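Note that the sequence shown covers residues 1 to 241 in full-length UniProt numbering.
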Amino acid sequence: MIDSKDDKEPGMCSIFEKTGCCPKGDRCNKVHFIPAMARTVIFHHIFPNPDFFIQCLPDGVITMSAQEKQRYIDAFFLDMFLMCRRFGAIEDLLLCSNTMDCLSGNFYVFYEQSDCARMALTALDGQYYAGRKVHVTLCSVPRYSTALCKSSMKGECSRGNECAFIHALEPSFALYQEVIPRINKLFPSAFRKPGDPPVVDNPNEIINGIYRNKNQMADLSKYIPPGFPNHDPAAFKGNNN
1 MIDSKDDKEP GMCSIFEKTG CCPKGDRCNK VHFIPAMART VIFHHIFPNP DFFIQCLPDG
61 VITMSAQEKQ RYIDAFFLDM FLMCRRFGAI EDLLLCSNTM DCLSGNFYVF YEQSDCARMA
121 LTALDGQYYA GRKVHVTLCS VPRYSTALCK SSMKGECSRG NECAFIHALE PSFALYQEVI
181 PRINKLFPSA FRKPGDPPVV DNPNEIINGI YRNKNQMADL SKYIPPGFPN HDPAAFKGNN
241 N
């Protein structure tokens, strides 16, 4: 960790600069710059990827359909959004599918303001989520695209989940548009399609496959999904008792 950064510094770790993580960890002979202020926070190893756990079990012990897995991803994605938006406006979210140690289960939150990221770090680092201690750091990754493996987006990455750059686990399109509504910025309401797509507004509905029309949406913050940590501020404690 250093206090200042020279963009032309030859000793900087290029992988760490782009992802906020490095496969070599402390063994890396390059500099890992951790900023004092940044707009992006990383929740390290917070997502319990079902594929990872299934691979650790004998064949056939547990099976999960593609639809069930997508619901699980969507429920986690929405739960994290509800937790993180309390600290300020969110520009983007990114979930890793990689099984490499440094990236496994990582979740990135790109805030619009660095003060919001700092508040999230202060409030959530060291707390517990789903019975596991949360480790949160700031990182200098400026945007979603910087951290992604470009080859994986084309389905051409030869390294697979062991790639040092992020292979994204994406939520359903309707859910993503609901929490990160880019279309609201691109088109005035008069030019949007009159028929809104079906969306969901809490993780419990996602898990059970229940969808409702956007026009019937209620306040997201009132939902406390069973099976997921309570996203209410009072629910976050310094221990897992």
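Yeah, the Cβ is synthetic: ideal placement off N, Cα and C, and Gly gets one too.
Note that this is a predicted model, so its numbers are computed, not measured.
Straight-line CA distance for residue i to residue j?
i, j, result
"ARG39", "ALA168", "20 Å"
"GLY126", "VAL136", "8 Å"
"PHE110", "ILE54", "30 Å"
"ASP74", "ASP26", "33 Å"
"PRO35", "PRO58", "43 Å"
"LEU148", "PRO142", "12 Å"
"GLY105", "ILE46", "5 Å"
"LYS42", "THR146", "Inspection of the sequence shows that residue 42 is occupied by Ile rather than by Lys. Each residue's alpha carbon lies about 14 Å from the other."
"CYS56", "TYR144", "30 Å"
"ASP196", "PHE173", "Below a pLDDT of 50, predicted positions are generally treated as unreliable, and ASP196, at 45, falls in that range; no measurement from the model is reported."
So the beta strand (DSSP E) residue i belongs to, where does it begin and stop?
i, result
"ILE15", "ILE15 -> not in any beta strand (DSSP E); alpha helix (DSSP H) instead, spanning 14-19."
"THR63", "Counting along the chain, THR63 falls outside any beta strand (DSSP E), and DSSP gives it neither H nor E."
Tell me the DSSP bridge mates of residue i?
i, result
"ALA168", "CYS96"
"ALA111", "The displayed chain sequence assigns Tyr, not Ala, to residue 111. For TYR111, which the question treats as bridged, DSSP gives the partners ILE90."
"CYS139", "THR40"
"LEU148", "ILE166"
"LYS133", "TYR128"
Looking only at its own chain, which residues have a Cβ that is under 8 Å from the Cβ of residue i, when we skip the five neighbours before and after it?
i, result
"SER189", "Unreliable positioning characterises SER189 in this predicted model, as indicated by a pLDDT of 39, which lies under 50. The coordinate reading is nonetheless provided below. Same-chain partners within the cutoff: there are none."
"CYS157", "CYS149, SER151, CYS163, HIS167"
"ALA89", "TYR111, GLU112, GLN113, CYS116"
"ILE15", "CYS21, CYS22, PRO23, ALA164, PHE165"
"HIS32", "MET1, CYS13, PHE16, CYS22"
Go to residue i, then tell me how far its alpha helix (DSSP H) extends in each direction, as first and last residue.
i, result
"VAL179", "173-179"
"GLN55", "50-55"
Using a Cβ-Cβ cut-off of 6 Å (strictly less than) and excluding sequence neighbours within five positions of residue i, which residues of its own chain qualify?
i, result
"VAL179", "PHE81"
"SER97", "HIS167, LEU169"
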